[in-house]
Amino acid sequence: MSAAAIDAKGIPAPSVTVNPWLIAIVVALASFMEVLDTTIANVALPYIAGGMGVSEDESSWVVTTYLVSNAIILTASGFLARTLGRKTFFLICLGIFTVSSILCGFAPNLNALLLFRILQGLGGGGMVPVAQSILADAFPPAKRGQAFAVFGIAVVVAPVVGPTLGGWLSDNLSWHWCFLINAPVGVFAIALIAAVLQEPATAKAKGAQPQGNTFDFIGFALVATFLGALEVVLDRGLEDDWFASPFIITFAVICATSFVLMIPWEMTRRNPMIDLRMVATRQFGACFLVMLATGAILLATTQFLPQLVQQDFGYTATWAGLVLSPGGVVTMMMMFAVGRLAARVQPKYLIVAGALVIAASMYSMTNVYADLGFWFMARSRMLIGVGLPLIFVPIMAASYDGIPPDKTDQASALINAARNTGVSIVSNVLTHRQQFHQSRLVEQVTPSSPQYQDTLHQITDFFVAQGSSLAQAHQQAIQWIGQQVQTQASFLSYMDAFWVLMLIALSAIPLALTLRKVKLGGPAPMGH
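By the working numbering, the letter at position 316 of the sequence shown is numbered 328, and the numbering carries on one by one without gaps.
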């Protein structure tokens, strides 16, 4: 460390000389681009399947491979950031992400696309945790709440923008642009970060510590295997019929075995890859569970609402994405407001308020039916946009309260892993309940019943009046009845899913009340 980096008292002086808000915007832009890719490809899967001549089931691996590689790199990002330096590591990750995005856009076949998505996930997975630590070093303690509000916009709004942007690009251009759009943004972000960002003296000092550079290879392999196999099981279980599939059984065994081996190994290491003792503490453990719930609600609603209006209301991909847009605007405004509130109100109370608002929004969605309009869906999403920032911003301060400086990298990795995991569980609930309701409704639709025959005759007469022959109208009526059964089963399953999300939101309240008070406006070490 140079003499200029140390003041008269021997305390490292800030190395950042540029406007910290410029750093915040640039770092948030890169993080926004990375988080955007967790959802932008979802609405493009049918286009990818059609363009490459594969089934939609095969094309869904485009999402799975990204999530798996993203989860794996999180566990090693702390060590790599300390070893290479935050700025260098961030630029490497951003460069890999940008180049692999271009390769995804020009992929000649599905296998190549999956390989490039793995590289994209590896590059993107390291950016978000490191971005937190960059902001923490760039801002004084009193301004960190507002700084993380800017970062929160990237993390919370990006999944909302993803379906809208992906739907518009797929409808009007091609699915290739869902990936190619990252190229100019990535090059712009690389140039700005290289120009304005400096390696903090504190980070250099931490990286110089010998104990900070001890890499737990076995621990990394166990944690990465556990997270990767878990993501595969949760994401592919529905498509492959769960434990009726040898593939799912194999990955479930790998997941369970690595988890069982991981616990004693990590608990007995002096410098473990992931310090599992943190999860067992009252403060961090509660924050971990709250972030797990928050991630499930954010990503599940971002996935469910476009899916619902496309399947049951006939919206295009573009209009389905636009349902989320008003909520994104509300979220952006709320992030700045909560950034100021976080300096005056204890995190536990803000989290409780946010959980209640989200629970109210989910309760309103349990009354979904076929005659609802665009603005009902949009208002529900706007209400979620009020609640999510009330949880997301204060959970940052509460998560790292009491965490030693040498453990903040692991805390950041765990918090970000929690944010990305919960959605798969809720998706499984949706599909299971749809199958349940459809089987129950079919039991009631018996051709011999007077109600069925009466409905069949009425609908047949309707199609005859529309110009169909009697035989054609009869077949159309049967198809219409079957379609109504599927639609009602879909509505009922979404109601159940929203009930589950409401209960998940309410479960955050007792967890939040267990949090201890933190020093408002005080240091809140973040990231690596």
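No residue lacks a Cβ here, since even glycine has one placed at the ideal position from N, Cα and C.
Q | Span separating the alpha-carbon of A217 from that of G97 | A | Caution is warranted here: a pLDDT of 47 is assigned to A217, below 50, making its placement in the model unreliable, and the coordinate value is therefore given only provisionally. Approximately 10 angstroms between the Cα atoms of the pair.
- In chain order, what residues of the same chain have a beta carbon less than 6 angstroms from the beta carbon of N31, not counting five sequence neighbours either side? Nothing listed; no residue qualifies.
request  = Evaluate A409 with the Cβ neighbour count: other Cβ atoms within 10 Å of its Cβ, from every protein chain shown; 16 or more gives buried, anything less gives exposed.
outcome  = The residue in question, A409, is buried, as its Cβ has 16 or more Cβ neighbours within 10 Å.
*asked:* Report the start-end ranges of each alpha helix (DSSP H) in the region 122-196 that is 4 residues or longer and not cut off at the edges.
replied: Those alpha helix (DSSP H) runs which fall completely within the region 122-196 and span 4+ residues are 122-137, 139-150, 156-184 and 189-192.
At least 3 beta-carbon pairs within less than 8 angstroms: the region 442-449 vs the region 196-206: Under the three-pair Cβ rule at 8 angstroms, the region 442-449 does not count as touching the region 196-206.
Check: Buried or exposed: G174, going by 16 or more other Cβ atoms within 10 Å of its Cβ?
Finding: G174 comes out buried.
Less than 8 angstroms between the CB atoms is what I'm expecting for V291 and V140, so what's the real figure, rounded?
At roughly 19 angstroms, the Cβ-Cβ gap does not stay under 8 angstroms, so V291 and V140 are not in contact.
Entirely within the region 331-414 and at least 4 residues each: give me those alpha helix (DSSP H) ranges in chain order.
If only complete runs of 4 or more residues are kept, the region 331-414 shows the alpha helix (DSSP H) at 337-353, 359-377 and 386-411, in order along the chain.
**Request:** Counting only the same chain and skipping the five closest in sequence on each side, list residues whose C-beta sits under 7 angstroms from that of G297.
**Result:** Within its own chain, the residues whose Cβ lies closer than 7 angstroms to the Cβ of G297, once the five positions on either side in sequence are excluded, are V291, listed in chain order.
Reference F386, options L334, I286 and D287, closest by Cα:
Ranking the options by Cα distance to F386, first place goes to L334.
What first and last residue would you give for the alpha helix (DSSP H) that runs through T95? Taken as a continuous stretch (DSSP letters only), the alpha helix (DSSP H) holding T95 covers W73 to L96.
Q) Between the beta-carbon of T467 and the beta-carbon of I493, is there less than 8 angstroms? A) Cβ atoms of T467 and I493: closer than 8 angstroms.
Report task. Tell me, please, whether the region 50-70 touches the region 232-243 by the rule of three or more beta-carbon pairs shorter than 8 angstroms. Result -> Taking one beta carbon from each stretch, the region 50-70 and the region 232-243 have fewer than 3 pairs nearer than 8 angstroms; the two do not touch.
query = Taking 8 angstroms as the CB-CB cut-off, is S392 touching chain D?
reply = Considering every chain present, this structure includes no chain D. It has just one protein chain.
Margin query: Between the alpha carbons of L246 and L103, how many angstroms are there, rounded?
Written below: Each residue's Cα considered, the two are about 31 angstroms apart.
Indicate whether the contact test is met: 3 or more Cβ pairs, each with one atom in the region 76-87 and one in the region 60-67, closer than 8 angstroms.
Three or more beta-carbon pairs separated by less than 8 angstroms are not found between the region 76-87 and the region 60-67, which leaves the two stretches without contact.
Kindly indicate the opening and closing residues of the alpha helix (DSSP H) around Q487.
It spans L482 to L525 - the alpha helix (DSSP H) in which Q487 sits, taken as one unbroken run.
Buried or exposed by the 16-neighbour rule on C-beta atoms within 10 Å, applied to A477: Result: exposed.
message = Checking 8 angstroms against the spacing of the C-beta atoms, do L131 and A429 come in under that value?
response = A429 sits away from L131, with the two beta carbons spaced by 8 angstroms or more.
Can you tell me where the alpha helix (DSSP H) holding P2 begins and where it ends? For the chain, the structure presents residues 13 to 540; residue 2 sits outside this window and is missing.
Report task. State buried or exposed for I275, treating a residue as buried only when at least 16 other CB atoms are found within 10 Å of its CB. Result -> I275 comes out exposed.
- Task: Check whether the region 361-369 touches the region 175-183, counting contact only when three or more Cβ pairs, one atom from each stretch, lie closer than 8 angstroms.
- Result: Fewer than three beta-carbon pairs drawn from the region 361-369 and the region 175-183 are found closer than 8 angstroms, and the two stretches are therefore not classed as touching.
Practice problem: Taking all protein chains shown into account, decide if A520 is buried (16 or more other Cβ within 10 angstroms of its Cβ) or exposed. | Solution: When all chains shown are included, A520 counts as buried.
Rounded to whole angstroms, how far is the Cβ of V398 from the Cβ of V369, which I believe are closer than 8 angstroms?
-> About 5 angstroms separates the beta carbons of V398 and V369, which is inside the 8 angstroms limit, making them a contact pair.
Q) Would Q295 pass as a contact of L527 if the rule is Cβ separation under 8 angstroms? A) For Q295 and L527, yes; Cβs fall inside 8 angstroms.
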